[in-house]
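Chains as they are written, first to last, in full-length UniProt numbering: chain U, 1 to 208; chain A, 1 to 217.
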């Protein structure tokens, strides 16, 4: 982002990198939704490369509140590793401020998406006022929107950066269409088509 | 006089030959498809007094004309398929009363479940109209049995394994041939098709449209 800013100043352009950054923010939300949908519905712990994440997401559905107890770096480190390996080459090879702005904002939002997700599980009283304000302004995914994802049939509100794509994607049944295509092309049923197994169902501690 | 009321005018999508070897082997070989947008909104061939062709540019533009092997006004071709209990059931069995034959993609998919449950919930209205309801997909009888049991479906589900009847009736596919179309026929007591309604992602509308038509029969 710093290099983008410097490049923008040197090239006397401002609006283009800002616009590119905004597009990065918009598409990061979409990307988070598609990735989340894939991880939630397909594969399992034995899936190569993604197995541990799939298990982690299943565990999250079972114990959603535990994400609020994780430290900041715990939420970010896995994504930060992926972002480092993908963004660093781009940064070394490309010096266009527009591209760098897009990549910087897109990657930054993806990296922080798990923290945004964690905040979406928080309670209003325990969240920083600034975070609550951003959630209510629609800049970050809201608590109410994300809580809908944790209720049956667990097949909506997949986006976790700003959540602005959720209404469009759910209203137009985009994920349902993708699930149908994958089913008829590959014969693979998504988890959301079946009754929630125990891995999906939230465990609620009942006080004895 | 019957007319073609186009809510959404879909391009002609020609059926592929899908040879389903197992419930999970659903890779169709796409022969041809019209290179236009897929159809998500309703397409209805209805019984109307107007003879003019009306088209509404609701979601997608109007292109081409509709090819169908079974049209409104034609006699529904007979078939014999196995139901959820493994019994052979022929369409001729329902002669003498109206029958709603709805083709759907797959048991337990979200929209198919919504559609089946909507038919279930309105079943009394169909009975009151003297009509029978029959659902058809390429799932096998055991899948239909489980689907019907789970959702307490009171009507017959038939297995069109290999999609033979679907092809014979000329039901168009959606999304560039990747999805079996969701199309419902209302056949009158004489075996003549009075309504064809197509809508992939608004399954509840199939019930509304068919009931509306049945009131007039």
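Beta carbons are placed, not taken as given, at the ideal position from N, Cα and C, and that holds for glycine.
Within chain A, the residues placing a beta-carbon under 7 Å from that of residue 180 of chain U are 105, 109, 179, ordered along the chain.
Considering only beta carbons, the part of the region 142–153 of chain A lying closer than 9 Å to chain U consists of 150, in chain order.
Using a Cβ-Cβ distance cut-off of 8 Å, the region 101–109 of chain A and the region 123–130 of chain A are not in contact, since fewer than three pairs of beta carbons, one from each stretch, lie closer than that value.
Shown in chain order are the members of the region 162–192 of chain A whose Cβ falls below 8 Å from a Cβ of chain U: 175, 178, 179, 180. At a beta-carbon threshold of 8 Å, the residues of chain A lying near residue 155 of chain U are 110, ordered along the chain.
When DSSP states are grouped into helix, strand and coil, residue 71 of chain A belongs to the coil group. Close to chain A, meaning a Cβ-Cβ distance shorter than 7 Å, are the following residues of the region 165–177 of chain U: 173, 176, 177. If you look at residue 103 of chain A, you'll find it in the beta strand (DSSP E) that goes 99–103.
When the alpha-carbon of residue 110 of chain A is set against those of A:125, A:94, A:202, A:206, the nearest one is in A:202. Taking 8 Å as the upper bound for CB-CB distance, residue 69 of chain A and residue 169 of chain A are in contact here, some 6 Å apart. For residue 195 of chain A, the uninterrupted beta strand (DSSP E) run begins and ends at 193–198, by DSSP.
When the Cα atoms are used, residue 79 of chain A and residue 90 of chain A turn out to be separated by approximately 6 Å. For residue 155 of chain A, no Cβ of chain U is located within less than 9 Å of the residue's own Cβ. For residue 108 of chain A, there is no enclosing alpha helix (DSSP H), as DSSP gives it neither H nor E.
The three-state secondary structure of residue 202 of chain A, taken from DSSP, is coil. When secondary structure is reduced to three states using DSSP, residue 189 of chain A falls in the coil class, being assigned neither helix nor strand. Residue 59 of chain U sits exposed, since fewer than 16 C-beta atoms from the chains shown fall within 10 Å of its C-beta. The residue from U:99, U:46, U:80, U:134 with its alpha-carbon nearest to that of residue 119 of chain U is U:134. DSSP places residue 171 of chain A outside any alpha helix (DSSP H), giving it a letter other than H or E.
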